[in-house]
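If you count the sequence shown from 1, position 49 lands on 49 in full-length UniProt numbering, and the numbers rise without skipping.
Since the structure comes first, as structure tokens, the remarks are kept for the end.
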Amino acid sequence: MPERVTYKRLLRKFLAIGPYLREEKCQEGEYYFDCLSVCASAKPSPDKREFWGWWLTLSQSGVLFTYHYQFGYYDAEGVWHEKNLPKKHQEEVNRTLGHFYERLAHCLGELGGQIAPAGHLAPERIISAA
1 MPERVTYKRL
11 LRKFLAIGPY
21 LREEKCQEGE
31 YYFDCLSVCA
41 SAKPSPDKRE
51 FWGWWLTLSQ
61 SGVLFTYHYQ
71 FGYYDAEGVW
81 HEKNLPKKHQ
91 EEVNRTLGHF
101 YERLAHCLGE
111 LGGQIAPAGH
121 LAPERIISAA
């Protein structure tokens, strides 16, 4: 990034990407995003519904941003649990993650930043922009 991008400016840029940023879980150099991709059941009231989806942490070191993400289940208490996705929901959850990643990579590129997978992320879990 040619000029130092402030934490507040990054938050504004990340908020503009869509409803993914969980600002209350962020701190300077560490950003948290998630997506409730597929409702597990529409029977409970909206505030008690559970979802299948993903959550992603983004760590900043200068102009480099590294990501790590997990798939799982978001329960009625608002807590993520790492779980294998049911086969019928995998395509949709992967689609929402890919869409988010493209927007995130574009945003960081506009700011002169680079995005890369965390070193411990398995090769099959590496995302690339289309």
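In this text, a Cβ means the ideal position worked out from N, Cα and C, and glycines have one as well.
Measure the Cβ-Cβ separation of F65 and G119 and say whether it is below 8 Å.
-> What you label residue 65 is simply residue 65 of the sequence shown in a count that begins at 1. What you label residue 119 is simply residue 119 of the sequence shown in a count that begins at 1. Going by C-beta atoms, F65 is not nearer than 8 Å to G119.
In or out: A105 buried (at least 16 other Cβ within 10 Å) or exposed?
-> Within the sequence shown, numbered from 1, the residue matching residue 105 stands at position 105. By the neighbour-count rule (16 or more Cβ atoms within 10 Å), A105 is buried.
Can you list, in chain order, the residues of its chain whose CB lies under 8 Å from that of N84, leaving out five sequence neighbours each side?
-> The residue labelled residue 84 in the question sits at position 84 within the sequence shown. The answer, listed in chain order, is F71.
Please state whether DSSP places Y20 in a helix, a strand or coil.
-> Residue 20 sits at position 20 when you count from the first residue of the sequence shown. The answer is coil: DSSP assigns Y20 none of H, G, I, E or B.
Which residues in the same chain have their Cβ closer than 6 Å to the Cβ of E82, if we skip the five residues on either side of it in sequence?
-> For the purposes of this step, residue 82 is taken as the residue at position 82 of the sequence shown. Taken in chain order, the residues that qualify are Q70 and G72.
Start and end of the alpha helix (DSSP H) containing T96?
-> For the purposes of this step, residue 96 is taken as residue 96 along the sequence shown, with counting starting at 1. Here the alpha helix (DSSP H) through T96 covers K87 to E110.
With burial defined as no fewer than 16 other Cβ atoms inside 10 Å of the residue's Cβ, what is the status of I115: buried or exposed?
-> Here residue 115 refers to the residue found at position 115 when the sequence shown is read from its first residue. Result: buried.
Alpha-carbon spacing of W55 relative to Y101, whole angstroms = Indexing the sequence shown from 1 puts residue 55 at position 55. Indexing the sequence shown from 1 puts residue 101 at position 101. In a straight line, the C-alpha of W55 is about 12 Å away from that of Y101.
Taking C-alpha atoms, which residue in S37, A76 and R22 lies nearest to K43?
-> On the sequence shown, residue 43 is found 43 positions in, with the first residue counted as 1. Nearest of S37, A76 and R22 to K43, Cα basis: A76.
Helix, strand or coil at P46 according to DSSP, with G and I counted as helix | If you number the sequence shown from 1, residue 46 lands on position 46. Correct three-state label for P46: helix.
Going by other Cβ atoms of all chains shown within 10 Å of its Cβ, with 16 needed for buried, is G53 buried or exposed?
-> As a working note, residue 53 is residue 53 in the sequence shown. It counts as buried.
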